[in-house]
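The letter at position 178 of the sequence shown is residue 178 when you use the numbering used here, and the numbering goes up by one with no holes.
Heads up, the beta-carbon is just placed ideally off N, CA and C, and yes, glycines get one too.
Note that the structure is a prediction, hence the values are computed from the model and not measured.
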Amino acid sequence: MNQNPHDQLKEIRSLMEKSSRFMSLSGWTGIMAGIYSLIGAIAAYFVIFKMKFTEQVLQEPIETYGSGRVIHYNYSNGLTELFSEKNIYLFLIAIAVILLSTVTAFHQSSVVSKQQGVKLWNSTTRRLFIQVAIPLATGGVFCLALLYYGHAGLIAPAMLIFYGLALLNGSKYTMKEFHSLALCEIGLGVISLLFIGWGLIFWSIGFGILHIIYGILMQKRYK
Numbered sequence: 001m002n003q004n005p006h007d008q009l010k011e012i013r014s015l016m017e018k019s020s021r022f023m024s025l026s027g028w029t030g031i032m033a034g035i036y037s038l039i040g041a042i043a044a045y046f047v048i049f050k051m052k053f054t055e056q057v058l059q060e061p062i063e064t065y066g067s068g069r070v071i072h073y074n075y076s077n078g079l080t081e082l083f084s085e086k087n088i089y090l091f092l093i094a095i096a097v098i099l100l101s102t103v104t105a106f107h108q109s110s111v112v113s114k115q116q117g118v119k120l121w122n123s124t125t126r127r128l129f130i131q132v133a134i135p136l137a138t139g140g141v142f143c144l145a146l147l148y149y150g151h152a153g154l155i156a157p158a159m160l161i162f163y164g165l166a167l168l169n170g171s172k173y174t175m176k177e178f179h180s181l182a183l184c185e186i187g188l189g190v191i192s193l194l195f196i197g198w199g200l201i202f203w204s205i206g207f208g209i210l211h212i213i214y215g216i217l218m219q220k221r222y223k
């Protein structure tokens with residue numbers, strides 16, 4: 001039976017899109033990444049606000065930025081502060097969240113790839129990885145520099161903005177919903193610049209709630 005030319009064209013476009021985009025993402029990846037991030041944010045809250053600061057830190061001047069308050073430490077030795085006990089705990093929390101999210105993403109993508117009958121690691125996946133990794137690595141170094149020079153209040157906005165830029169950079173190699181999520185992350189990061197001192201709240205919204213909403217929408221649309 002002859003196929004309608006219009007249907008043939010749609011099929012060809014669909015095949016071209018699948019060959020040029022990484023379509024093996026699962027909505028559960030976003031949901032679980034959001035849950036991991038919220039758990040990490042709760043743990044970070046107790047590290048930041050429940051740990052006893054030393055008398056020297058408590059006596060440091062507090063400068064107001066907008067409606068937020070940021071403690072400025074004495075960074076005569078930035079490297080020492082960078083590897084302070086508090087920051088080491090925060091690094092461990094961040095690493096745990098990243099590892100759990102990465103393992104979950106790899107597992108879910110492997111399952112979806114097998115169901116679709118395609119290879120998980122191919123030229124499209126490599127391009128996606130490179131496009132996402134460059135902004136993320138740059139943002140990571142930038143955030144470490146902010147911490148080193150005593151601008152901890154800018155770390156959460158920077159993380160959201162660079163993460164959004166990474167998603168935006170990689171959106172042309174995967175599902176179109178990445179583009180919308182990227183713009184939301186960037187916008188949230190810019191807004192959080194006006195509310196220094198509330199970074200953990202904005203971080204929780206960006207990496208936690210937005211990921212969960214994104215994952216639910218993806219699961220419903222592509223299940």
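Under a Cβ-count criterion, where at least 16 other Cβ atoms within 10 Å of its own Cβ denotes burial, should residue i be classed as buried or exposed?
| i | result |
| --- | --- |
| tyrosine 163 | buried |
| glutamine 116 | exposed |
| leucine 194 | exposed |
| valine 97 | buried |
| serine 192 | buried |
| alanine 137 | exposed |
Output needed for residue i: all residues of its chain with C-beta closer than 6 Å, excluding positions within five of it in sequence on either side, in chain order.
| i | result |
| --- | --- |
| isoleucine 161 | Ile186, Gly189 |
| serine 26 | Gln108, Val112 |
By alpha-carbon positions, which one of the options ends up nearest to residue i?
| i | options | result |
| --- | --- | --- |
| proline 157 | Cys184, Met175, Tyr45 | Cys184 |
| serine 171 | Ala33, Thr104, Pro135 | Pro135 |
| glutamate 177 | Ser37, Ser110, Leu217, Ile205 | Leu217 |
| leucine 200 | Leu90, Ile31, Thr174 | Leu90 |
| threonine 124 | Asn87, Val47, Met175, Ile48 | Met175 |
My guess is that residue i and residue j are in contact by the Cβ rule of under 8 Å, so how many angstroms apart are they, rounded?
| i | j | result |
| --- | --- | --- |
| valine 132 | alanine 166 | 5 Å |
| leucine 100 | tyrosine 36 | 5 Å |
| isoleucine 31 | glycine 206 | Incorrect: roughly 15 Å between the Cβ atoms, too far for contact. |
| glycine 153 | glycine 197 | 6 Å |
| glycine 40 | isoleucine 212 | Actually they do not touch by this definition, with Cβ atoms about 14 Å apart. |
| leucine 168 | alanine 182 | 4 Å |
| arginine 221 | tyrosine 173 | 18 Å between Cβ atoms; not a contact. |
| alanine 94 | threonine 29 | So it is not a contact: roughly 18 Å between Cβ atoms. |
Output needed for residue i: all residues of its chain with C-beta closer than 7 Å, excluding positions within five of it in sequence on either side, in chain order.
| i | result |
| --- | --- |
| methionine 159 | Gly139, Cys143, Trp203 |
| glycine 208 | Gly34, Ser37, Leu38, Ala41 |
| serine 67 | Confidence at serine 67 is low in this model, with a pLDDT of 43, below 50, so the placement of that residue is unreliable and no value is reported for it. |
| leucine 120 | Ser24, Ser109, Ser110, Ser113 |
| alanine 43 | Ile93 |
| valine 141 | none |
Note down, in chain order, each residue of its chain lying with its Cβ closer than 8 Å to the Cβ of residue i, except the 5 sequence neighbours on either side.
| i | result |
| --- | --- |
| isoleucine 155 | Cys143, Leu146, Leu147, Gly199 |
| valine 47 | Lys86, Tyr89, Leu90, Ile93 |
Mind pulling the alpha helix (DSSP H) runs of 4 or more residues that sit fully within the segment 116 to 154?
-> Runs found: 123 to 148.
At which residue ranges does the segment 192 to 221 contain complete alpha helix (DSSP H) runs of 4 or more residues, listed in the order of the chain?
-> Runs found: 199 to 203.
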